[in-house]
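Participant:
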Amino acid sequence: MTSSLLFNITTLLYLASMLAFFAFIANRAKAFGTAGSVIAFGGLLLQTIAIGLRWKESYILGAGHAPLANLYESVVFFSWTIVLIYGLLDLKYRYRVIGAFVMPFALLGMAWAQLGLNSGIEPLVPALQSNWLIYHVITCFLGYAAFAVACGISIMYLIRERHERSTPANDQSIVAIFPTSRVLDDLNYKSIMIGFPLLTLGIITGAVWANYAWGTYWSWDPKETWSLIVWFIYAAFLHARITRGWAGRRAAWLSIIGFAATIFCYLGVNLLLSGLHSYGG
Amino acid sequence: MTSSTSTSNKTISKSIWDFFCSLKLTMFTFITLAVLSIIGTVIPQGTPPPEYLQTISPAKLAFYQSLGFFNMYHSWWFILLLSLLSINLIACSIKRLPHIWKTITQPVMVMSDSLEKTLSNCTTIITLGDAATLKDRVANVLKAEFADPVITENDGAFHLFAQKSPWSRLAVYAVHLSVLVIFIGAIIGSLFGYKGFVNIIEGQTISNVMSRSDKEIDLGFALRCEQFSVAHYSTGAPKEFKSIITVLENGRPVPNYTNVRVIVNDPLTYKGITFYQSSYGNAGEYFFTASDLSGKDGVTFQVDRNSSVTLPDGSSMHIIEETDDVSKFVPNLTGPAVQVEIHDPRGGSEKVIVYANHPELNIQHAKEHNGGLVLQYKGANKKMYTGLQVAKDPGVWIVWVGCILMMVGIYAAFFMSHRRIWVRVNNGTVTIGGNASKNQGGFQLFMEQLLTKIKKQLPMEDNK
Ligand code: HEM
Chain E
1 MTSSLLFNIT TLLYLASMLA FFAFIANRAK AFGTAGSVIA FGGLLLQTIA
51 IGLRWKESYI LGAGHAPLAN LYESVVFFSW TIVLIYGLLD LKYRYRVIGA
101 FVMPFALLGM AWAQLGLNSG IEPLVPALQS NWLIYHVITC FLGYAAFAVA
151 CGISIMYLIR ERHERSTPAN DQSIVAIFPT SRVLDDLNYK SIMIGFPLLT
201 LGIITGAVWA NYAWGTYWSW DPKETWSLIV WFIYAAFLHA RITRGWAGRR
251 AAWLSIIGFA ATIFCYLGVN LLLSGLHSYG G
Chain P
282 MTSSTSTSNK TISKSIWDFF CSLKLTMFTF ITLAVLSIIG TVIPQGTPPP
332 EYLQTISPAK LAFYQSLGFF NMYHSWWFIL LLSLLSINLI ACSIKRLPHI
382 WKTITQPVMV MSDSLEKTLS NCTTIITLGD AATLKDRVAN VLKAEFADPV
432 ITENDGAFHL FAQKSPWSRL AVYAVHLSVL VIFIGAIIGS LFGYKGFVNI
482 IEGQTISNVM SRSDKEIDLG FALRCEQFSV AHYSTGAPKE FKSIITVLEN
532 GRPVPNYTNV RVIVNDPLTY KGITFYQSSY GNAGEYFFTA SDLSGKDGVT
582 FQVDRNSSVT LPDGSSMHII EETDDVSKFV PNLTGPAVQV EIHDPRGGSE
632 KVIVYANHPE LNIQHAKEHN GGLVLQYKGA NKKMYTGLQV AKDPGVWIVW
682 VGCILMMVGI YAAFFMSHRR IWVRVNNGTV TIGGNASKNQ GGFQLFMEQL
732 LTKIKKQLPM EDNK
């Protein structure tokens with residue numbers, strides 16, 4: 001299948017992009033940073049084509065549906081959204097080095113999908129035969145992706161902030177090419193400002209769909225509850241910024257914990273708990 | 282003495298008020314809610330399955346039950362936390378809203394010295410000309426580039442004030458209100474709505490459903506299942522579960538609600554009650570005769586798919602499996618057959634195949650089992666039943682209104698900014714400053730560009 005080949009190349013490009021960013025941190029040659037970005041954008045373009053192809057292939061196989069219907073397809077889509085959100089941030093703010101902390105998430109997703117997951121195209125079970133599937137999955141994953149980017153930025157924040165406290169103005173340290181902690185704090189907030197509305201919309205579209213399909217918009221199923229847990233954590237993050245004593249490091253930790261909860265909501269619930277959302281199989 | 286009591290009362294009530302207004306309480310509530318919510322995703326909710334109950338000790342079970350862990354999202358302490366969040370929200374809004382309201386409706390239109398000090402980007406341009414001319418030129422630039430300014434004259438100086446999107450300051454309160462609206466919708470739904478289910482056999486008409494709390498509910502109309510069918514993909518995976526349903530009022534089909542297709546993800550709603558395709562099963566009726574070995578004393582009887590009958594010899598029988606063509610299982614034999622399970626009164630049980638086209642095999646079986654009762658299969662009236670979930674929720678539209686309010690509010694709170702610009706014009710000087718409630722970086726850039734444009738319009742020394 002051609003889409004499968006393109007996904008493999010995408011995975012390699014994300015690997016190359018990550019390595020370029022690591023090289024950028026190590027020797028600070030601008031060319032590496034630029035290369036990292038360009039390769040990431042190339043991978044994103046290729047992956048977009050591959051997702052479109054897979055969509056088309058599913059129609060040829062007679063199982064026609066958007067490629068968002070099983071664990072493999074969702075992991076691939078998650079990687080795509082992470083690179084997309086990172087790409088937007090890169091175009092707007094051009095802090096290249098952030099790629100070193102974000103591309104690993106995208107690479108991890110693609111590598112897991114290509115090496116460890118069943119990539120067969122399956123027909124949709126009745127419960128997923130609804131356009132709400134597309135709205136729900138796209139909004140949720142774009143939200144998750146923004147949180148992934150925020151998590152990467154928060155890790156950078158913690159490293160940078162510690163460095164600023166201990167070694168004032170040491171230009172030789174590799175951390176010196178990180179944006180300042182103030183900038184990172186702001187970028188963290190900006191990413192969550194993208195992620196929070198999308199997650200909220202994702203939860204709402206899920207509720208509308210559940211109401212449409214089962215007659216209850218909320219049934220405290222583990223997946224729903226975990227999405228609410230994630231929502232609470234980021235709501236706490238948003239308020240942390242205006243609460244004395246909570247801004248800065250604690251807010252960065254909330255962002256990291258929020259992403260850990262997001263990953264649990266996405267994977268842990270399917271693999272470890274039981275419920276209505278049976279992507280994991 | 283009275284006065285000191287009243288002051289200490291005041292400080293107590295004030296500290297209670299401050300407690301409920303505090304953002305630290307908000308942080309505490311969010312984090313506690315997040316952590317405690319995990320419990321209900323690990324411990325099964327509702328009626329825990331017996332297999333689960335066997336894995337925990339009786340002490341643990343009693344502990345869980347006393348804390349309401351099996352229905353934790355409706356337990357008193359969870360509801361208490363949600364109430365705390367609501368009170369916190371309301372108190373915080375009451376405290377801050379009047380101030381915000383004043384900012385919106387009675388803006389400060391004159392740049393005083395104290396205001397000037399709070400504006401980080403305040404710039405003074407030295408220029409030529411009298412205040413009246415300068416003010417018009419600045420006003421024109423502001424109008425073209427930003428917003429129409431309000432001009433006040435004060436002590437011979439002109440004050441210009443222009444602003445954009447002041448209402449965006451209310452967005453956060455719309456978000457907070459939306460949380461309360463959603464809570465209200467949920468409460469109305471749980472007070473005045475219900476969830477239930479009903480099984481309807483093909484051809485059967487029902488007018489009552491069973492609620493989740495095991496109460497019979499009269500629908501006020503009737504529902505007939507005309508047909509139920511399952512379609513499969515070529516792989517054998519299920520593709521579609523379909524019920525054909527007719528709504529009846531006083532026994533007569535309702536126009537537009539006759540032969541309605543109900544499938545998963547496409548329910549039927551009538552008079553505020555919605556029916557969702559949820560499960561299905563076999564409800565066939567199977568016909569037999571039972572006689573002694575000589576074929577005398579034959580009786581005819583019927584067994585429904587999901588129940589059992591008592592046979593003339595006192596044993597009971599129920600259907601396990603059926604087929605129209607037994608040759609798929611036993612070559613050389615033909616015709617329909619059923620597999621049944623027979624429990625005799627002494628406690629033994631056996632599985633027997635009863636044939637339609639092979640009475641000799643039925644007799645042979647009876648002989649071998651010295652029971653003497655010969656069963657003969659006479660065919661079936663095949664029927665399915667459809668399982669529908671039933672829901673009535675008069676609060677759901679309030680929840681959707683809350684959700685829309687929340688999305689609009691979040692959008693405005695994050696992406697709209699209240700921007701204000703003040704200008705003070707004296708003879709020969711123009712002082713400009715401004716601030717924004719969001720995206721200060723972007724606003725700073727805008728101010729720099731605005732300043733350049735204003736300078737171009739002012740008579741400068743080197744312009745002459
Ligand atoms: C589920 C509940 C809540 C949600 C979804 C929510 C959401 C938000 C959002 C999105 C913002 C804007 C933050 C920003 O601009 O960065 C905000 C601000 C704020 N929230 Fe909440 N909030 C909730 C509960 C509360 C509670 C319980 C309080 C109680 C004190 C509160 C007090 C505030 C305050 C004071 C602000 C800042 C307002 C300002 O900047 O003038 N929030 N909230």
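Protein chains in written order, with this note's numbering: chain E, 1 to 281; chain P, 282 to 745.
Note that CB positions come from ideal geometry on N, CA and C, so glycine has one too.
Distance, Cα to Cα, P:G532 vs P:E507?
Facilitator: 14 Å
Participant: Using the C-alpha atoms, what's the distance from E:E57 back to E:I49?
Facilitator: 12 Å
Participant: Inspect the CB distances between the stretch 337 to 352 of chain P and the stretch 288 to 295 of chain P and report whether three or more fall short of 8 Å.
Facilitator: no
Participant: Label P:W703 either buried or exposed according to how many other C-beta atoms from any shown protein chain fall within 10 Å of its C-beta, with 16 as the threshold for buried.
Facilitator: buried
Participant: Quick check: is the beta carbon of E:I9 nearer than 7 Å to any beta carbon in chain P?
Facilitator: no
Participant: According to DSSP, P:M741 sits in a beta bridge with which residue or residues?
Facilitator: DSSP lists no partner for P:M741.
Participant: Counting contacts by CB-CB distance shorter than 7 Å, is P:V391 in contact with chain E?
Facilitator: no
Participant: Can you tell me whether E:A26 is buried or exposed, with buried defined as 16 or more other CB within 10 angstroms of its CB?
Facilitator: Exposed is the call here.
Participant: At the level of alpha carbons, what is the spacing between P:V611 and P:S588?
Facilitator: 27 Å
Participant: Can you give me the start and stop residues for the beta strand (DSSP E) that P:T555 sits inside?
Facilitator: I554 to N563
Participant: According to a CB-to-CB cut-off of less than 7 Å, which residues of the stretch 489 to 514 of chain P neighbour chain E?
Facilitator: Y514
Participant: Three-state secondary structure (DSSP) at P:S588?
Facilitator: coil
Participant: Could you pull the DSSP bridge partners for P:D499 from this structure?
Facilitator: Paired residue(s): P:N489.
Participant: Taking Cβ-Cβ distances shorter than 7 Å, what residues in chain P pair up with E:N211?
Facilitator: V677
Participant: Contact check, P:G683 vs P:I368 under 8 Å by CB: the rounded distance?
Facilitator: Wrong, their Cβ atoms sit about 18 Å apart, outside the cutoff.
Participant: Comparing C-alpha positions only, which one of P:V490, P:K663 and P:P640 sits nearest to P:E603?
Facilitator: Out of P:V490, P:K663 and P:P640, P:K663 has the C-alpha closest to the C-alpha of P:E603.
Participant: Our contact map puts E:R160 next to E:F178 with C-beta atoms below 8 Å; I'd like the distance itself, whole angstroms only.
Facilitator: 5 Å
Participant: Could you tell me whether any Cβ in chain P is nearer than 7 Å to the Cβ of E:H136?
Facilitator: no
Participant: Counting pairs of Cβ atoms below 8 Å between the stretch 429 to 439 of chain P and the stretch 704 to 711 of chain P, do you hit three or more?
Facilitator: yes
Participant: Pick from E:Y266, E:I153, E:N8 and E:N270: whose alpha carbon is nearest that of E:S318?
Facilitator: In this structure chain E extends from 1 to 281, so residue 318 of chain E is not present and cannot be described.
Participant: Is the beta carbon of E:C151 sitting closer than 7 Å to the one on E:F259?
Facilitator: yes
Participant: Using the beta-carbon count (16 or more within 10 Å), is E:G120 buried or exposed?
Facilitator: Only exposed fits E:G120, as fewer than 16 other CB atoms lie within 10 angstroms of its CB.
Participant: Since I believe E:F105 is in contact with E:I85 (beta carbons under 8 Å), could you give me their beta-carbon distance rounded to a whole number of angstroms?
Facilitator: At roughly 11 Å, the Cβ-Cβ gap does not stay under 8 Å, so E:I85 and E:F105 are not in contact.
Participant: Spell out whether any CB of chain P is found under 7 Å from the CB atom of E:W253.
Facilitator: no
Participant: Have a look at P:L739, P:G470 and P:S401 and flag the residue whose alpha-carbon is nearest the alpha-carbon of E:G215.
Facilitator: For E:G215, the nearest C-alpha among the options comes from P:G470.
Participant: Could you tell me whether the Cβ atoms of P:V541 and P:I554 are closer together than 7 Å?
Facilitator: no
Participant: Mapping DSSP to helix, strand and coil, what is E:H136?
Facilitator: Three-state result, E:H136: helix.
Participant: Please classify E:H65: does DSSP put it in a helix, a strand, or coil?
Facilitator: coil
Participant: Of all the alpha helix (DSSP H) runs that stay within the bounds of the stretch 390 to 460 of chain P, which reach a length of 4 or more residues?
Facilitator: 394 to 399 and 412 to 426
Participant: Within 10 angstroms of its Cβ, does P:T667 collect 16 or more other Cβ (buried), or is it exposed?
Facilitator: buried
Participant: Just confirm the distance between the C-beta atoms of E:A240 and E:W231, as a whole number of angstroms; I'd bet it's less than 8 Å.
Facilitator: About 15 Å separates the two Cβ atoms, so there is no contact after all.
Participant: If you draw a straight line from the C-alpha of P:K274 to the C-alpha of P:D436, how long is it?
Facilitator: In the structure as shown, chain P starts at 282 and stops at 745, and residue 274 of chain P therefore has no counterpart that could be examined.
Participant: Name the chain P residues whose beta carbon is nearer than 8 Å to that of E:G116?
Facilitator: Here the premise fails: no neighbours, minimum Cβ distance about 23 Å.
Participant: Go ahead and label E:Y279 buried or exposed: buried means 16 or more other beta carbons lie within 10 angstroms of its beta carbon, across all protein chains shown.
Facilitator: Note that E:Y279 has pLDDT 41, beneath the 50 cutoff, so the model's placement of it is unreliable and no number is given.
Participant: If you draw a straight line from the alpha carbon of P:N744 to that of P:Q725, how long is it in whole angstroms?
Facilitator: Residue confidence for P:N744 is low, a pLDDT of 47 falling below 50, so the modelled location carries little weight; the figure read from the coordinates is stated next. Taking the straight line joining both Cα atoms gives about 26 Å.
Participant: From P:E641 to P:G653, what distance separates their C-alpha atoms?
Facilitator: Taking the CA atoms as reference points, P:E641 sits about 14 Å from P:G653.
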